[in-house]
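All remarks here apply to the structure that follows.
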Amino acid sequence: MQRTAAPYLGTRDVVQAQVDTAGEFRQGGEIRTPIRCSLETSSDFSFVATLECSLAEQLVVLGLPGGLASAVIWEVLAEPSVAMARMDHGVHSFRQAVVIARDGSAAPLEIRAVVDAVISPREQRPGQQRTPPVVESASVSIELFDLSEDKETARLLRELMDWCSEFPAPLSDKRSRPDQMAFIGDPRRVGVEAVPDSWRLHLSVLAGMFSLTAAVKDGPSFDGALPSKTTLVVKLDPYAGKTLAIPSGTETLLVDARGRTFASLVDDISLHLVKREAASMDAETAAVARDLRPGERVYHRKIGSSQSFDRFNVGSPKPCSHGEAGFIPWRGPKATKGLERRYTNFKPSMHRHCNKYPTCGMYAVFA
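Read left to right, the sequence shown gives residues 90 to 456 (my numbering).
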């Protein structure tokens with residue numbers, strides 16, 4: 090499942106293209122969404138064609154042009170930035186979402202598309218050919234967001250937190266999330282209003298959305314010492330009466346918590362985490378920026394997005410299996426900005442993409 094904030098906020102460019110979505114689900118390949126992974130051992134995926142058509146028709150009714158509607162449904166079914174699932178008595182519930190960049194959709198704002206589906210696999214007897222499952226319900230919704238506004242970004246993250254609670258997942262091994270954020274103080278003791286009983290869980294979910302673990306440090310048992318893997322300290326109570334032993338290089342965020350609601354407090358912390366992660370991406374990209382040599386050709390896979398630009402791997406001189414001849418001139422505003430950050434002499438005319446888009450995600454630079 091995918092439930093972290095960075096891919097979700099990393100808005101997506103879309104290009105209208107014909108694709109056999111049901112065929113791609115049958116083949117598998119790089120599609121590892123909850124819908125596919127949960128049903129691959131029990132069901133035939135021919136139902137995806139009908140599902141895709143139904144959802145695209147819903148988007149057309151909501152006002153999207155037909156070509157854009159189909160492109161958005163491909164993204165949310167096959168390459169979602171948020172993907173969650175749960176199962177109850179053999180019935181699977183799925184939620185998958187993606188945020189489409191305004192430059193990539195010609196819309197005045199970002200478009201958030203969410204698909205909710207409830208699907209029941211049919212009982213299979215040994216040796217019996219797989220059959221399509223029963224789609225109990227399937228709906229898609231869209232909403233406009235202005236992610237240039239902090240309050241809109243906070244609202245998007247708040248909804249993601251709610252989804253994480255609605256679709257709970259086992260906590261990942263702490264070794265896969267080694268960094269910790271420590272919250273100093275108990276919000277109930279410093280005048281924060283409307284603190285829910287599950288406030289510790291809320292903070293844990295928030296930290297998990299940024300690939301961190303959360304620890305609340307408060308009370309007589311806390312001696313002020315913090316683990317060496319603490320990467321961020323959030324001081325809710327500056328008067329906690331403790332002398333903190335903060336590890337070298339650890340960032341400290343002092344939040345003015347008194348007299349505020351718990352929800353507004355979480356919004357401020359989440360926005361800080363977004364900006365912190367964006368600064369880290371900027372620094373990482375700047376560190377590897379270089380000139381392209383005349384005639385050089387480099388092939389890249391996208392590994393992430395910010396709200397402004399896409400991020401790519403280090404690249405390779407070898408193309409995808411479709412070959413060098415299959416690369417065509419490409420225009421993607423966020424991808425272009427990402428490549429401009431990686432190559433100091435990059436020009437938009439150098440931008441290429443495999444012509445098997447969207448089923449192949451290989452980008453290229455032809456200097």
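Note that the Cβ used here is the ideal one computed from N, Cα and C, for glycine as well.
- [ ] Compute the beta-carbon to beta-carbon distance between G427 and R390, rounded to the nearest angstrom, for a pair I have assumed lies under 8 Å.
- [x] Numbered from 1 along the sequence shown, position 338 holds the residue referred to as residue 427. Numbered from 1 along the sequence shown, position 301 holds the residue referred to as residue 390. Between R390 and G427 the Cβ distance is about 12 Å, and since that is not below 8 Å, they are no contact.
Task: Boundaries (first-last residue) of the beta strand (DSSP E) holding A172 - done: Position 83 of the sequence shown, counting from 1, holds the residue named residue 172. Element bounds for A172: V171 to D177.
TODO: Please confirm if T130 has its CB atom under 7 Å from at least one CB of chain D.
DONE: No chain D appears in the structure shown, which is made up of a single protein chain.
Open item on the list: Could you give the first and the last residue of the continuous alpha helix (DSSP H) run that contains V161?
Closed with: As a position in the sequence shown, residue 161 is number 72, starting the count at 1. Per DSSP, V161 belongs to the alpha helix (DSSP H) from G155 to A167.
Task: Buried or exposed (CB count within 10 angstroms, at least 16 for buried), S394 - done: Counting from one through the sequence shown, the residue named residue 394 turns up at place 305. Residue environment: S394 is assigned as buried (16 or more neighbouring CB atoms within 10 Å of its CB, all protein chains considered).
Open item on the list: Here's a check: name, in chain order, each residue in its chain whose Cβ is nearer than 6 Å to the Cβ of A160, leaving out the five neighbours to either side.
Closed with: In the sequence shown, the residue the question calls residue 160 occupies position 71. For A160, where only same-chain residues beyond five positions count, the Cβ hits under 6 Å are V103 and Q105.
TODO: Since I believe A190 is in contact with V171 (beta carbons under 8 Å), could you give me their beta-carbon distance rounded to a whole number of angstroms?
DONE: Start at 1 with the first residue of the sequence shown, and residue 171 comes out as number 82. Start at 1 with the first residue of the sequence shown, and residue 190 comes out as number 101. Actually they are not in contact, since the Cβ atoms of V171 and A190 sit about 16 Å apart, beyond 8 Å.
- [ ] Along the alpha helix (DSSP H) that carries Q116, what are the first and last residues, could you check?
- [x] Here residue 116 refers to the residue found at position 27 when the sequence shown is read from its first residue. First-last of the alpha helix (DSSP H) with Q116: T110 to Q116.
TODO: Give the secondary structure of Y388 by DSSP, where H, G and I count as helix, E and B as strand, and everything else as coil.
DONE: Along the sequence shown, one-based indexing puts residue 388 at 299. Y388 falls in the strand class under three-state DSSP.
Task: Per-residue DSSP class, three states only, for C142 - done: Translated into positions along the sequence shown, residue 142 becomes position 53. Residue state, collapsed to three classes: helix.
Open item on the list: Which residue marks the beginning of the beta strand (DSSP E) containing C443, and which one marks its end?
Closed with: Stepping through the sequence shown from its first residue, residue 443 is reached at position 354. H440 to C443 is the span of the beta strand (DSSP E), which, as asked, contains C443.
Open item on the list: The alpha helix (DSSP H) that contains V355, what's its start and end?
Closed with: Stepping through the sequence shown from its first residue, residue 355 is reached at position 266. F351 to V377 is the extent of the alpha helix (DSSP H) around V355.
Task: Close beta carbons around V294, own chain, < 8 Å, minus the five adjacent residues each side - done: Here residue 294 is taken as the residue at index 205 of the sequence shown, counted from 1. Same-chain partners within the cutoff: M250, C253 and S254.
Open item on the list: Please state the DSSP three-state secondary structure of P210.
Closed with: Looking up residue 210 in the sequence shown gives position 121. P210 falls in the coil class under three-state DSSP.
Task: Status (buried if at least 16 other CB within 10 Å, exposed otherwise) for G280 - done: Against the sequence shown, residue 280 aligns to sequence position 191. Note on G280: under 16 other CB atoms within 10 angstroms of its CB, so exposed under the neighbour-count rule.
Task: Bridge partner(s) assigned by DSSP for M250 - done: Residue 250 sits at position 161 when you count from the first residue of the sequence shown. In DSSP, M250 forms no bridge with anything.
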